[in-house]
Structures are given as structure tokens and as C-alpha cells.
Amino acid sequence: MKCKKYNEIFKVQLDDCISDIDSTLPDVLGTYTIVKWMEIVSAKLINQELDNQRYISVGKEVNIEHLAMVKLGEELVFISEILEQNKKEVHFSIRAMFGEKEIARASHVRSIVPLKIVERMMR
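Okay, so the sequence shown: first residue is 4 according to the working numbering, each after it adds one.
1. Would you identify the three-state DSSP class for R126, choosing helix, strand or coil?
2. When DSSP builds the beta bridges, which residues end up paired with N10?
3. Between the alpha carbons of V44 and G76, how many angstroms are there, rounded?
4. Applying the criterion that 16 or more other CB atoms from any shown protein chain within 10 Å of the CB defines a buried residue, is I97 buried or exposed?
5. Secondary structure at L32, three-state DSSP: helix, strand or coil?
6. Identify whether K74 lies in helix, strand or coil by the three-state DSSP scheme.
7. Beta-carbon within less than 8 Å of V116's beta-carbon, same chain only, minus the 5 sequence neighbours each way: which residues are those?
8. Helix, strand or coil, according to DSSP, for K91 in the structure here?
9. Could you say which of P29, M124, E84 lies nearest to S110 if we only look at CA atoms?
10. My output table needs one value for E42: the three-state DSSP class, helix, strand or coil.
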């Protein structure tokens, strides 16, 4: 295994906020965006390990705790760590940090799927 950890910085844009759902809501980061960014960092981490000509990873499960609000324009660091990996799936622990403050944490499972199966489904 090359790398067990990966992090990336994301800046909160207007379409990442719950005000995108309803303009009467405040410009704060939506949980749905946090989940998206958690999946992105985890996929990028496991993609370093996969033979991308033969396999891809797909999200299977996310269990998240959204602990604090983050405003429009602020930057977060998302840190994904592989806890366990076998031939069929990968288990991650993910944290979202705003400075020293943890604003979300999650467990995440991604399935390892042969690319030929996905290509067959896309036809």
C-alpha cells in the first residue's frame, strides 16, 4: 500500500451552502456537500492503489456527524485515512477540519468493482 492518508482543501462556495436549497436559509455549508467532499478525498486516496485499467471504487456507505457550521468563503481540510482494505472494499475514517476545529467526521466504505462490470451496466 502506497499511501494510507490523503488530504485536500476545499473552499466553501455559494452552491455548497444550504441557501442553494432555499434562499431564506443562511449561507452555511450543507451536510450534503461535506459528504461529497469526503467521498472525493477517499476516492482519490484509494485510486492511488487501484489498477485503474481494471477496477474502480464506488461509494457504498457513509456515516457522518456534522458537528459545527462553516460560513461561505471559509476553507476546510478534509483528511481521509484507510483503516482496512481487502479485495472487495475499503474502510475509511474521514475528518473535516476548520483550523484546529473538527466540523465533521465520518466512516466511509467504498466497494472495489471491476471496470468491465461498470462498462457493461453503462451500455
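Just so it is clear, CB atoms sit at the ideal spot from N, CA and C, and this is done for glycine as well.
This one's a predicted model, so the numbers in the text were calculated from it and none came from an experiment.
In this structure, then:
1. It is coil, neither helix nor strand.
2. DSSP output for N10 lists I82 as bridge partner(s).
3. 20 Å
4. buried
5. Correct three-state label for L32: strand.
6. strand
7. Y58, I59, S60, V61
8. coil
9. Of the listed residues, the one whose Cα sits closest to S110 is E84.
10. helix
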